[in-house]
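Accompanying notes for the structure given below.
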Amino acid sequence: KAGVTQTPRYLIKTRGQQVTLSCSPISGHRSVSWYQQTPGQGLQFLFEYFSETQRNKGNFPGRFSGRQFSNSRSEMNVSTLELGDSALYLCASSRDSFLAPQHFGDGTRLSIL
Amino acid sequence: ILNVEQSPQSLHVQEGDSTNFTCSFPSSNFYALHWYRWETAKSPEALFVMTLNGDEKKKGRISATLNTKEGYSYLYIKGSQPEDSATYLCAFGVNTGNQFYFGTGTSLTVIP
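The listed protein sequences correspond, in order, to chains P and D.
Residue 6 in my numbering sits at position 6 of the first sequence, and the numbers go up by one each step.
Residue 1004 in my numbering sits at position 4 of the second sequence, and the numbers go up by one each step.
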């Protein structure tokens, strides 16, 4: 069974640009969550999608947005990039966001110059 | 924003030692508690999903307990091996929204 696939693995952008990250969940998983990890911080929740609907959003500015397609694949977009957006972005999928374990991708390492 | 605390922040033990870490979370609005192991250069891997007060889960040499009334979970590793070296994360799920609050993790190093 294929795992969670995130693309790209690494990305370098400059301030002011925008970026789109992609996540393909495990087949059959309808819940996709996105997290940001910066040095010294735990995983910070960005948002969770289930069957194309955003069910919850973390405490991030509106520059961070996402969507989920009918095949459960999800994208995350960050506009007007800032230096502080440099981080590892992880996507996780599960059958049910609470009662089943989350399966994580390898992440996208985003660096802002 | 809910506070999930893990202690200790880091731990060095000798191979063969047993060890344990703590995850503390708010005792109200509890829905689920997850434990994950995160090895360097890999993605986090699920260890346990715990939902009931008094739950005890075991996977090989690793076990976990849950106390939802007082808001803590313990993770135990018996006879630590070098391959147990990783960061152990706990994640607290509340019943008021579909999101997890992660602790900052306990970094375990097992010295051969």
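All C-beta atoms, glycine included, are put in the ideal place defined by N, C-alpha and C.
Note that the structure is predicted; figures quoted are calculated from it, not measured.
- Using a 10 angstroms sphere on the CB of T1068 of chain D, the tally of other CB atoms reaches 16 or more, which defines it as buried.
- Three or more pairs of CB atoms, one per stretch, sit closer than 8 Å, so the segment 17-28 of chain P contacts the segment 72-84 of chain P.
- Under DSSP, E1056 of chain D shares a beta bridge with D:T1065.
- With fewer than 16 other CB atoms across the displayed protein chains lying within 10 angstroms of its CB, N1095 of chain D is exposed.
- With contacts defined by Cβ atoms closer than 9 Å, A92 of chain P and T38 of chain P do not form a contacting pair.
- With contacts defined by Cβ atoms closer than 9 Å, Y1036 of chain D and F104 of chain P form a contacting pair.
- S1043 of chain D has a beta carbon lying within less than 9 Å of a beta carbon in chain P.
- For D1017 of chain D, same chain residues with a beta-carbon under 7 Å away, outside a window of 5 residues either side, are S1080 in chain order.
- Chain-order list of chain P residues neighbouring N1098 of chain D: S31, S33, E48, F50, R55, N56, S97, F98, by C-beta distance under 9 Å.
- Less than 9 Å separates the beta-carbon of E1056 of chain D from that of L1066 of chain D.
- Approximately 23 Å separates the beta-carbon atoms of V4 of chain P and K13 of chain P; this is outside 8 Å, ruling out the contact.
- Across the set P:L99, P:D106, P:P61, the C-alpha of P:P61 shows the shortest separation from the C-alpha of L81 of chain P.
- Contact between A100 of chain P and V1004 of chain D does not hold, since their C-beta atoms are separated by about 20 Å, which reaches or exceeds 8 Å.
- The beta carbon of V1013 of chain D is closer than 8 Å to those of T1019, S1080, L1108, T1109, V1110, I1111 in its chain, skipping five residues each way along the sequence.
- Take the alpha-carbon of A1032 of chain D and the one of S65 of chain P: they are about 26 Å apart.
- Identification of chain D residues near D85 of chain P by a Cβ-Cβ cut-off of 8 Å yields none; the smallest Cβ-Cβ distance measures about 19 Å.
- In this structure, G1097 of chain D and G42 of chain P do not form a Cβ contact; the two beta carbons are roughly 17 Å apart against a cut-off of 8 Å.
- In the three-state DSSP reduction, L21 of chain P falls in the strand class (E or B).
- Of all residues in the segment 1081-1093 of chain D, only L1089, A1091, G1093 come within less than 8 Å of chain P when Cβ atoms are compared, listed by chain position.
- Counting only runs of 3 or more residues that sit fully inside the segment 1085-1112 of chain D, the beta strand (DSSP E) segments are 1086-1094, 1100-1102, 1106-1111, in chain order.
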